Structure formats: C-alpha cells, structure tokens
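Report on the structure given below.
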Amino acid sequence: MDSQTEQVAVEAAPDFEWAIVEIMGHRKHAGRVREEERFGAKMLRVDVPKIEMIETMDEAHPHPLPRVTGWTTHWYGGPSIFSFTLTDEESVMRINRPYYSPQRYIAPPHDPDFDEVEFDGGDE
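The sequence shown runs 1 to 124 under the UniProt record's numbering.
Structure follows, in structure tokens:
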C-alpha cells in the first residue's frame, strides 16, 4: 500500500468514479477511484477526501457545512481488493465527514409575565 496527500479541486476528473472499496476485508475507503499503472502493474487508485466542518453564522445554515480541504491517495493491487461498490459523490462525502455532535437544546428563559394555570386535579 502507498499513501500520499495532495491538494486538488473538489471536482473529480471525468475518468474517476465514486466508490466504496474494502481491502482484504480489513480496511474500507470511500472516495474517487480509477485504475492506474504504477510499478509496472495495474493498480487501483483511491482518493479519499479530507473534510472539515465550517461553522456558519447565518440562519439559512444553522449547522456546520462540510468542505473538502484535500485528498489522501491510496494505491492497491488487484488481488487485495475484497469488495468494490460504486456509489455517488454525496454518499462518499457523508461517509468521510467527521463526527459532529448535535447541539444541546437550550430552553428559553422563563417569562415572568406568563400566567401559570393551576389545576386542582379533579374532573368535576
């Protein structure tokens, strides 16, 4: 296996496909893939996106938005591929998105002008 990091545009070249690749049943990568010749042999190139969550301050996007900041490239020989599943770009980005914990709900402050209704507990 060989890995490297490269800074490129988000759009995949036309000869790339989006896929989920499982290697020998132990490693799983989701990214853009294509066949390349390296070291005198055909190999599978998998570019896995590095995604950062960008905080926004507008009401249109109350949650952080994902942004691709780079790609990590892996090469694998054909015999090491256990599973190969074609998918779409949206699924690849969702799989590689870092964990984002949901925000806690914060109740609004108590309104002292609110008239509380008291119940006597009976249905009479």
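Think of the CB as a built atom: it goes at the ideal place given N, C-alpha and C, for glycine as much as any other residue.
The structure displayed is predicted, hence computed values, not measured ones.
Delimiting residues of the alpha helix (DSSP H) encompassing residue i
{"i": "residue 91", "result": "89-96"}
Cut-off 6 Å between Cβ atoms - residues of its own chain near residue i, not counting five sequence neighbours on either side
{"i": "residue 48", "result": "29, 31, 72"}
{"i": "residue 69", "result": "50, 52"}
Assigned secondary structure, residue i (DSSP; H/G/I helix, E/B strand, else coil)
{"i": "residue 80", "result": "helix"}
{"i": "residue 104", "result": "coil"}
{"i": "residue 120", "result": "coil"}
{"i": "residue 26", "result": "coil"}
{"i": "residue 63", "result": "coil"}
{"i": "residue 37", "result": "strand"}
{"i": "residue 57", "result": "coil"}
{"i": "residue 7", "result": "Low confidence applies here, because residue 7 scores a pLDDT of 46, under 50, leaving its location unreliable and the question unanswered by this model."}
{"i": "residue 72", "result": "strand"}
{"i": "residue 47", "result": "strand"}
{"i": "residue 16", "result": "coil"}
CA nearest to the CA of residue i, picked from the options
{"i": "residue 127", "options": "74, 39, 58, 53", "result": "The requested residue 127 does not occur in the structure, where the chain is confined to residues 1 to 124."}
{"i": "residue 35", "options": "26, 25, 27, 21", "result": "21"}
{"i": "residue 82", "options": "23, 102, 100, 18", "result": "23"}
{"i": "residue 137", "options": "25, 57, 70, 85", "result": "This structure gives no information on residue 137, because the portion of the chain shown stretches from 1 to 124."}
{"i": "residue 26", "options": "104, 80, 102", "result": "80"}
Residues of its chain near residue i, where Cβ-Cβ distance is below 8 Å and the 5 sequence neighbours each way are ignored
{"i": "residue 66", "result": "51, 52, 53, 54, 93, 97"}
{"i": "residue 100", "result": "53, 63, 64"}
7 Å Cβ shell around residue i - same chain, five flanking residues per side excluded
{"i": "residue 42", "result": "35, 78"}
{"i": "residue 16", "result": "32, 33, 34"}
{"i": "residue 38", "result": "75"}
Residue i: CB within 8 Å of a non-hydrogen atom of the ligand PLP
{"i": "residue 99", "result": "Looking for the ligand PLP in the displayed structure turns up nothing, as the structure carries no ligands at all."}
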